[in-house]
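**Student:**
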Amino acid sequence: MLAASRVCKMWCPLALELLHKYVLLKSAAHLLELSAALHCHEDCNSTSSRNIGRRTVRLELALEGDVDWREEHTDALAHIITACPNITVFSTAHLTSERLCCNPTFRRSLGFLSNLKRLELNAPTDLIVELLSQLGSSLHFLWLRHMRSTSSRLESCFIDFPCLKALVIAGNRTGPPPLTWSTPALRMLSFAQGHGLGSTQMRKYLTEQGAGLQHFSAALHTSLAVRLCSNLTECALDLNFVRDDSFPHSSTLRRLIIFACDRLDIACTFSCSFVPFHNWLRDGWNTGQLPSLANIRFLLPIPLLPINPFYRLQDIQRMQELIEECKTRGVALEASVGADEHTANIHYPLKLEQLCQNARPVTPPAPE
8 MLAASRVCKM
18 WCPLALELLH
28 KYVLLKSAAH
38 LLELSAALHC
48 HEDCNSTSSR
58 NIGRRTVRLE
68 LALEGDVDWR
78 EEHTDALAHI
88 ITACPNITVF
98 STAHLTSERL
108 CCNPTFRRSL
118 GFLSNLKRLE
128 LNAPTDLIVE
138 LLSQLGSSLH
148 FLWLRHMRST
158 SSRLESCFID
168 FPCLKALVIA
178 GNRTGPPPLT
188 WSTPALRMLS
198 FAQGHGLGST
208 QMRKYLTEQG
218 AGLQHFSAAL
228 HTSLAVRLCS
238 NLTECALDLN
248 FVRDDSFPHS
258 STLRRLIIFA
268 CDRLDIACTF
278 SCSFVPFHNW
288 LRDGWNTGQL
298 PSLANIRFLL
308 PIPLLPINPF
318 YRLQDIQRMQ
328 ELIEECKTRG
338 VALEASVGAD
348 EHTANIHYPL
358 KLEQLCQNAR
368 PVTPPAPE
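Residue numbers (our numbering): 8 to 375.
1. Could you check what DSSP says for residue 223 in three-state terms: helix, strand or coil?
2. Given this structure, state the Cα-to-Cα distance separating residue 168 from residue 191, to the nearest angstrom.
3. For residue 245, does the count of other Cβ atoms within 10 angstroms reach 16, so buried, or fall short, so exposed?
4. Just to check my reading of the structure: residue 85 and residue 116 have Cβ atoms closer than 8 Å, yes? What is that Cβ distance to the nearest angstrom?
5. DSSP three-state call for residue 354: helix, strand or coil?
6. Pick from 123, 70 and 139: whose alpha carbon is nearest that of residue 108?
7. Taking 8 Å as the threshold (C-beta atoms), are residue 307 and residue 344 in contact?
8. So, helix, strand or coil for residue 333, using DSSP?
9. Three-state secondary structure (DSSP) at residue 198?
10. Measuring only the C-alpha atoms, how far is residue 281 from residue 267?
11. Taking the C-alpha atoms as reference points, what is the distance between residue 26 and residue 59?
12. By the three-class DSSP mapping on this structure, what secondary structure does residue 116 have?
13. Please classify residue 97 as buried or exposed, where buried requires at least 16 other C-beta atoms within 10 Å of its C-beta.
14. Would you report the Cα separation of residue 331 and residue 171, rounded to the nearest angstrom?
15. If contacts are defined as beta-carbon pairs under 8 Å, then residue 261 and residue 240 qualify, I think. What distance do you get, rounded to the angstrom?
16. Mapping the DSSP letters down to three states, classify residue 153 as helix, strand or coil.
17. State the DSSP-derived secondary structure class of residue 312, mapped to helix, strand or coil.
18. Sort 148, 351, 339 and 348 by Cα distance to residue 357 and report the nearest one.
19. Going by C-alpha to C-alpha distance, which of 265, 175, 235 and 264 sits closest to residue 255?
20. Residue 353 to residue 173, Cα distance in whole Å?
21. If distances are taken between C-alpha atoms only, which option among 351, 350, 346 and 359 comes closest to residue 4?
22. May I ask you to report which of helix, strand or coil DSSP gives residue 30?
23. Measure how close the beta-carbons of residue 99 and residue 72 come, nearest whole angstrom, since I'm counting them as under 8 Å.
24. Where residue 175 and residue 217 are concerned, what is the direct C-alpha to C-alpha distance, given to the nearest angstrom?
25. How many angstroms separate the CA atom of residue 188 from the CA atom of residue 139?
26. Taking the alpha-carbon positions, what's the residue 237 to residue 35 distance?
27. Can you list, in chain order, the residues of its chain whose CB lies under 6 Å from that of residue 129, leaving out five sequence neighbours each side?
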């Protein structure tokens, strides 16, 4: 972008706008340099094209390794935050230093954050609670992950999130949000694939807070969500966990997102197969329990065990039948291939060849 800004006068304003819109800080030295650059323009009025701080809407701290954090870094970060009044997104998702997060001067600099719409926190539990208490009133989107050496239990203190619409819990150690968190506007709840929460914890949370949820993703707990969330319109379904016709249906579901966790212990235990899912889907259609279903999206590749060729052929036949049934019922089938397309919400009309080509074999571990 810096090179593009020097091409011509017409390109310069647009390139500069994009150059400073998303700021990624990867080292303490970079932080000091950015603070110095902002100092050079701090006398410009707020509408001046030379006021680079007003262009920044996302600030991400991705400092790597153990950082020698000093008072000058605290002052620099505090200055960056105050000099960029339009920041609505703040992220420490790729911050690797647990030692830095425990530094009191680093924490003090984060106290200058305000009016955020989106917050992505990879941090110790106490810092998470501290920042959420400070910023919860304005948040619309929250992404959380606990650092490894800290407790994974969120404290049961009251925090009000009047505007929070989406909550994503990353990693396998973070528990569900405490029931003392007020989330009246929450519509989307997502947990990491293979999340190890006990069903009792999740049942209690969904019983009390699930009525407003419309989008849910948690491989181990989709069955509970379908039963307890009366307004669910979209859920992610792991093929490993649809094993029989007892899996519940929902009359409000409009979209199913189909994937298969590629953890070997899960795959080898449940033998990921397309047949149980198709049986469940066909039963829901035949009994009128899926009247609103309009879209099925597959997140590819889907790992499959190297099972008997007869059953692999049966899987392919069921896939063919599903495609024909969806055409008849007006249900759109889509595919999204690879992590880049998954995260960017890119999808295409599904073809049988995609399912077959992307159903990659997984070799089970050798017996001990």
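Using N, Cα and C, we set each Cβ at its ideal position, and we do this for glycine too.
**Tutor:** This is what the structure gives:
1. strand
2. 8 Å
3. buried
4. 5 Å
5. coil
6. 70
7. yes
8. helix
9. strand
10. 10 Å
11. 9 Å
12. helix
13. buried
14. 40 Å
15. 5 Å
16. strand
17. Caution applies to residue 312, whose pLDDT of 46 falls short of 50 and renders its modelled position unreliable; the value that the coordinates give is listed next. The answer is coil: DSSP assigns residue 312 none of H, G, I, E or B.
18. 339
19. 235
20. 20 Å
21. No information on residue 4 is available, as it lies outside the stretch 8 to 375 that the chain covers here.
22. strand
23. Contact flag wrong, Cβ pair sits at about 15 Å.
24. 15 Å
25. 10 Å
26. 48 Å
27. 99, 100, 102 and 152
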